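So the sequence shown is numbered by numbering that gives the first Met the number 0: it starts at 0 and just counts up by one.
No residue lacks a Cβ here, since even glycine has one placed at the ideal position from N, Cα and C.
Every value quoted in this text rests on a predicted model; they were computed, and no experiment measured them.
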Amino acid sequence: MAPLPNLHTLSLACMHDGTTLMALLPRLPETLHVLHVTHVDLSAGELVDGLELAHKRGMRWPNLAQVDLIHVHQTWGQFEPVMDALMRMNEDPDTDVVVVLSEKDVLAGRRADRTVAKKRWGQVSQQWAEKGWSCLIDPE
Numbered sequence: 000m001a002p003l004p005n006l007h008t009l010s011l012a013c014m015h016d017g018t019t020l021m022a023l024l025p026r027l028p029e030t031l032h033v034l035h036v037t038h039v040d041l042s043a044g045e046l047v048d049g050l051e052l053a054h055k056r057g058m059r060w061p062n063l064a065q066v067d068l069i070h071v072h073q074t075w076g077q078f079e080p081v082m083d084a085l086m087r088m089n090e091d092p093d094t095d096v097v098v099v100l101s102e103k104d105v106l107a108g109r110r111a112d113r114t115v116a117k118k119r120w121g122q123v124s125q126q127w128a129e130k131g132w133s134c135l136i137d138p139e
């Protein structure tokens with residue numbers, strides 16, 4: 000794959016699964032500001048795997064300002080490791096990084112699972128905000 004110098008915004012939509020995303024993430028340049036992923040089934044963990052691989056290869060995104068994960072089939076349990084991996088890619092953001100999630104993804108499942116997710120959300124969203132990461136849930 001050819002290098003992508005000076006890439007500012009990457010929008011990926013309507014892909015069958017996240018295998019392409021997993022291979023692409025370690026190749027994205029430091030200039031990345033916006034990562035928009037929508038209508039991609041990431042339930043198999045490809046996003047966190049790709050982010051961890053990028054981190055291991057020394058890639059960082061110090062300019063990252065926004066991440067949109069809309070209709071990506073990630074439960075709350077899958078999202079927390081993604082947030083940890085994203086935070087390693089930009090450990091000390093100059094400005095707040097906004098992460099937008101789809102409510103249908105994060106709070107999906109049985110009522111008991113949604114209750115746990117909402118409680119956990121209250122606990123960790125404040126911790127993330129203190130580190131410069133604001134997470135918003137889009138009710139759609």
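CA nearest to the CA of residue i, picked from the options
i, options, result
"Met82", "Gly49, Arg56, Gly57 and Lys103", "Gly49"
"Ala128", "Lys118, Val97 and Ile136", "Val97"
"Val47", "Met14, Arg119 and Ala22", "Ala22"
"Gln126", "Gly57, Asp137, Leu34 and Glu79", "Glu79"
"Gln65", "Trp120, Arg56, Arg26 and Leu85", "Leu85"
Under 8 Å between C-beta atoms of residue i and residue j
i, j, result
"Leu41", "His72", "yes"
"Leu63", "Leu31", "yes"
"Pro61", "Glu102", "no"
Assigned exposure category for residue i - 16 Cβ within 10 Å defines buried
i, result
"Gly17", "buried"
"Trp132", "buried"
"Cys134", "buried"
"Asn89", "buried"
"Leu3", "exposed"
"Asp91", "exposed"
"His15", "exposed"
Residue i - partner residues in DSSP beta bridges
i, result
"Leu3", "In DSSP, Leu3 forms no bridge with anything."
Requested in this report: Identify every run of the beta strand (DSSP E) within the region 71-135, keeping only runs that are complete inside it and at least 3 residues long; order them along the chain.
Outcome: 96-101
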